[in-house]
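A.B. asks:
In the UniProt record's numbering, the protein residues as written are 1 to 124.
(1) Which of helix, strand or coil does DSSP assign to residue 97?
(2) Specify, as a first and last residue, the run of the alpha helix (DSSP H) that residue 18 falls within.
(3) Just grab the DSSP bridge partners of residue 29 for me.
(4) What distance in whole Å lies between the Cβ atoms of residue 72 and residue 100, which are believed to be in contact at a cut-off of 8 Å?
(5) Rounding to the nearest angstrom, what Cα-Cα distance links residue 19 and residue 62 in this structure?
(6) Rounded to whole angstroms, what's the CA-CA distance from residue 37 to residue 102? Just pull it up for me.
(7) Quick check: what's the CA-CA separation for residue 15 versus residue 55?
(8) Using a 10 Å radius around the Cβ and a threshold of 16 neighbouring Cβ atoms, would you call residue 48 buried or exposed?
(9) With distances taken Cα to Cα, identify the nearest neighbour of residue 11 among 33, 109, 116.
Structure, rendered in structure tokens:
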């Protein structure tokens with residue numbers, strides 16, 4: 001897992017807001033876990049069009065492809081401490097790999113697959 005500073009640095013470096021200015025996360029279904037009351041789960045079904053440069057990994061720039069990316073439904077969660085501060089975030093876990101054009105992959109792995117720039121290992 002990444003610490004807060006590393007997470008912000010790594011995920012901020014992709015410049016997703018520039019690469020996919022029409023990105024919609026489409027979050028819904030926020031609910032408290034019945035066995036872990038300090039965990040909140042929710043779903044997303046993101047979509048967006050790759051119309052700007054994607055930095056991955058910086059300083060590598062993947063030029064715009066014009067491809068509309070439709071991810072599968074994904075599960076996310078946050079864990080909170082007693083002060084109400086989030087100390088763990090999980091994102092991008094696909095629930096139905098047949099949905100979308102990401103090859104069943106979530107998060108950045110799915111984006112790279114959909115724009116035909118997959119990472120060089122089996123899972124991507």
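No residue lacks a Cβ here, since even glycine has one placed at the ideal position from N, Cα and C.
Computed from a predicted model, the values in this text were never measured in an experiment.
C.D. replies: This is what the structure gives:
(1) In the chain shown, counting from the first residue as 1, residue 97 sits at position 97. In the structure shown, residue 97 sits in coil (DSSP, three-state: anything other than H, G, I, E or B).
(2) Here the question's residue 18 lines up with position 18 in the chain shown. Bounds of the alpha helix (DSSP H) holding residue 18 are 16-19.
(3) In the chain shown, residue 29 corresponds to position 29, counting from 1. According to DSSP, residue 29 bridges with nothing at all.
(4) What you label residue 100 is simply residue 100 of the chain shown in a count that begins at 1. What you label residue 72 is simply residue 72 of the chain shown in a count that begins at 1. Yes, they are in contact, since the Cβ atoms of residue 100 and residue 72 sit about 5 Å apart, within 8 Å.
(5) To locate residue 19, count along the chain shown from 1; it is residue 19. To locate residue 62, count along the chain shown from 1; it is residue 62. Computed Cα separation, rounded: 9 Å.
(6) Residue 37 sits at position 37 when you count from the first residue of the chain shown. Residue 102 sits at position 102 when you count from the first residue of the chain shown. About 32 Å.
(7) As a first step, residue 15 is located in the chain shown; it is residue number 15 there, counting from the start. As a first step, residue 55 is located in the chain shown; it is residue number 55 there, counting from the start. Straight-line Cα distance between these residues: approximately 6 Å.
(8) Numbered from its first residue, the chain shown carries residue 48 at position 48. By the 10 Å Cβ count, residue 48 comes out buried.
(9) As a position in the chain shown, residue 11 is number 11, starting the count at 1. Looking at 33, 109, 116, the one whose alpha-carbon comes closest to that of residue 11 is 109.
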